[in-house]
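Take a look at the structure below.
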Amino acid sequence: MPEPAYPISINDRPDWQFELKQAYTQPEELLRALKLDPALFSEDIKARKLFAMRVPKPFVAQMQVGDSNDPLLRQVLPLHNEFESEPGYSTDPLQEQQGPVNGLLHKYKSRVLLILQGGCAVNCRYCFRRHFPYDELTFSKRQLTETLEYIRQHPEINEVILSGGDPLMAKDERLKGLINEFELLPQLTRLRIHSRLPVVIPSRLTHKLKEVLSNSRLQSVLVLHANHANEISPELAGALDDWHHAGIHLLNQSVLLSGVNDNLTALIELSEKLFSARVMPYYLHQLDKVEGASHFAVSDEKAQALWQKMTHELPGFLVPRLVREEAGELSKTAIMPDGTNTLTEEKL
Numbered sequence: 002m003p004e005p006a007y008p009i010s011i012n013d014r015p016d017w018q019f020e021l022k023q024a025y026t027q028p029e030e031l032l033r034a035l036k037l038d039p040a041l042f043s044e045d046i047k048a049r050k051l052f053a054m055r056v057p058k059p060f061v062a063q064m065q066v067g068d069s070n071d072p073l074l075r076q077v078l079p080l081h082n083e084f085e086s087e088p089g090y091s092t093d094p095l096q097e098q099q100g101p102v103n104g105l106l107h108k109y110k111s112r113v114l115l116i117l118q119g120g121c122a123v124n125c126r127y128c129f130r131r132h133f134p135y136d137e138l139t140f141s142k143r144q145l146t147e148t149l150e151y152i153r154q155h156p157e158i159n160e161v162i163l164s165g166g167d168p169l170m171a172k173d174e175r176l177k178g179l180i181n182e183f184e185l186l187p188q189l190t191r192l193r194i195h196s197r198l199p200v201v202i203p204s205r206l207t208h209k210l211k212e213v214l215s216n217s218r219l220q221s222v223l224v225l226h227a228n229h230a231n232e233i234s235p236e237l238a239g240a241l242d243d244w245h246h247a248g249i250h251l252l253n254q255s256v257l258l259s260g261v262n263d264n265l266t267a268l269i270e271l272s273e274k275l276f277s278a279r280v281m282p283y284y285l286h287q288l289d290k291v292e293g294a295s296h297f298a299v300s301d302e303k304a305q306a307l308w309q310k311m312t313h314e315l316p317g318f319l320v321p322r323l324v325r326e327e328a329g330e331l332s333k334t335a336i337m338p339d340g341t342n343t344l345t346e347e348k349l
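The C-terminal residue of the sequence shown carries number 349 in my numbering, and the numbering is unbroken.
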């Protein structure tokens, strides 16, 4: 693995915003850091024009130097396969680029999802929102007023989900102010934050944000997105243990990805390592059919077989639900081993 991009001491290492600024944005730089020859990836590098690359150095520090098939590298390095166009794939696979308020999605009765930030700390090549028009999204004071009013007018809503982009791209003060506004709505009982940022920059799990969430009257849930056990660094595990003891519920959602985690060993190791870091495996998603990501797809038959084997190897609470999201459905669709599909909970 590369040398850590920051001192090991938690007190000495740079803060998350500094680490964000230091992220690799050029494939050639990333490849050289991993001692891989950029000339061997000339056709792959061209795919950067389809979707920008961003990879924080703490995440790169978890990759294996010299391994072009490293499961973490595969998730973030542009590949020539992204130019392939497959039937059934689109730029908006979940048909969510519309909502009652700009950036607000209300697909499920008791929950609303707020796309708070347009940017991410890392650009995953399989992202189902890789074509989302974030440049049209500005979460202004007016939008906040409209969002709060919409929630008031729908008393069935008891939970707000912060998504993006990545909502933890917002600074702690901004998040604190937003949470304070939500706390004034008596109908709300839970706040959920969906973020990949702590996985790629563990220092994002700040003491200040932990205190804001642990002291809120709203039950706080942090839903991480990790796909491989190698993503759970010692720094991340230590921070998650701290947040767990502060009373913040920790879950994980992952995506089944060809060449990354589509084998039994990888999936078992992910569940075990998550649990050792105080995180409960929650969902294992089949790939959303977004244009440019078809090379990550795993067949339902293989997914079902892997999931069934997981139930034989792991206790039930460490087996995530195997699901897919389908546009227009009122909940997730569980993919059952017998080939049948049933509706389950909402898209994270």
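C-beta atoms are modelled at their ideal positions from N, C-alpha and C, and glycine is treated no differently. These numbers come from a predicted model, not from an experiment.
6 Å CB neighbourhood of residue i in its chain, flanking five on each side removed
{"i": "Ala294", "result": "Tyr127"}
{"i": "Trp17", "result": "Ile202, Ser204 and Arg205"}
{"i": "Ser259", "result": "Phe297 and Val299"}
{"i": "Val1", "result": "For the chain, the structure presents residues 2 to 349; residue 1 sits outside this window and is missing."}
Reference residue i, options the options, closest by Cα
{"i": "Met54", "options": "Glu87, Cys121, Val113 and Leu106", "result": "Cys121"}
{"i": "Ser277", "options": "Asp243, Glu174 and Gln305", "result": "Asp243"}
{"i": "Val353", "options": "Met311, His245, Glu292 and Leu265", "result": "Only positions 2 to 349 of the chain appear in this structure, which leaves residue 353 out of reach."}
{"i": "Met170", "options": "Gln154, Asn181, Ile194 and Asn159", "result": "Ile194"}
{"i": "His155", "options": "Pro282, Val113, Gly166 and Asn181", "result": "Val113"}
{"i": "Lys303", "options": "Arg322, Val324 and Asp263", "result": "Asp263"}
{"i": "Val61", "options": "Thr26, Ser91 and Thr148", "result": "Thr26"}
{"i": "Asp265", "options": "Leu323, Gln65, Met311 and Pro59", "result": "The question names Asp, yet the displayed sequence has Leu at residue 265. When only C-alpha atoms are compared, the closest one is Met311."}
{"i": "Asn362", "options": "Val291, Leu149 and Leu319", "result": "The structure shown does not extend to residue 362, since the chain is modelled only from 2 to 349, so the question has no answer here."}
{"i": "Gly67", "options": "Pro88, Asn253 and Leu31", "result": "Leu31"}
{"i": "Val320", "options": "Gly178, Asp301 and Lys274", "result": "Lys274"}
{"i": "Lys289", "options": "Asp301, Asn181 and Glu327", "result": "Checking the sequence, you will find Asp at residue 289 rather than Lys. Ranking the options by Cα distance to Asp289, first place goes to Glu327."}
Integer-rounded CB distance, given that residue j should sit under 8 Å from residue i
{"i": "Gly248", "j": "Ser272", "result": "Not really, about 23 Å apart at Cβ, beyond 8 Å."}
{"i": "Pro72", "j": "His229", "result": "5 Å"}
{"i": "Pro79", "j": "Pro28", "result": "6 Å"}
{"i": "Gln220", "j": "Thr190", "result": "6 Å"}
{"i": "Leu315", "j": "Ile336", "result": "Going by Cβ atoms, the distance from Leu315 to Ile336 rounds to 18 Å, so no, they are not a contact pair."}
Residue i - DSSP class collapsed to helix/strand/coil
{"i": "Thr207", "result": "coil"}
{"i": "Glu236", "result": "helix"}
{"i": "Pro57", "result": "coil"}
{"i": "Arg75", "result": "helix"}
{"i": "Asn253", "result": "strand"}
{"i": "Lys108", "result": "strand"}
{"i": "Gln118", "result": "strand"}
{"i": "His229", "result": "coil"}
{"i": "Ile162", "result": "strand"}
{"i": "Val213", "result": "helix"}
{"i": "Val385", "result": "Residue 385 is absent from the structure shown; the chain starts at 2 and stops at 349."}
{"i": "Val201", "result": "helix"}
{"i": "Ser259", "result": "coil"}
Own chain residues within Cβ distance below 7 Å of residue i, not counting five before or after
{"i": "Leu21", "result": "Pro57, Ala122 and Ile202"}
{"i": "Arg218", "result": "Glu184"}
{"i": "Arg118", "result": "The residue you asked about is not Arg; residue 118 is Gln in the sequence shown. Closer than 7 Å at the Cβ level, and outside the excluded window around Gln118, lie Gly165, Gly166, Asp167, Pro168, Met170 and Ala171."}
Identified DSSP bridge partners for residue i
{"i": "Pro282", "result": "Asn253"}
{"i": "Leu323", "result": "Leu285"}
{"i": "Ser196", "result": "Leu225"}
{"i": "Val299", "result": "Paired residue(s): none; Val299 is not in a bridge."}
{"i": "Tyr151", "result": "DSSP output for Tyr151 lists no bridge partner at all."}
{"i": "Tyr25", "result": "Val56"}
{"i": "Arg191", "result": "Glu160 and Gln220"}
Cut-off 8 Å between Cβ atoms - residues of its own chain near residue i, not counting five sequence neighbours on either side
{"i": "Ser234", "result": "Pro59, Ala62, Gln63 and Pro203"}
{"i": "Glu182", "result": "Leu145 and Leu149"}
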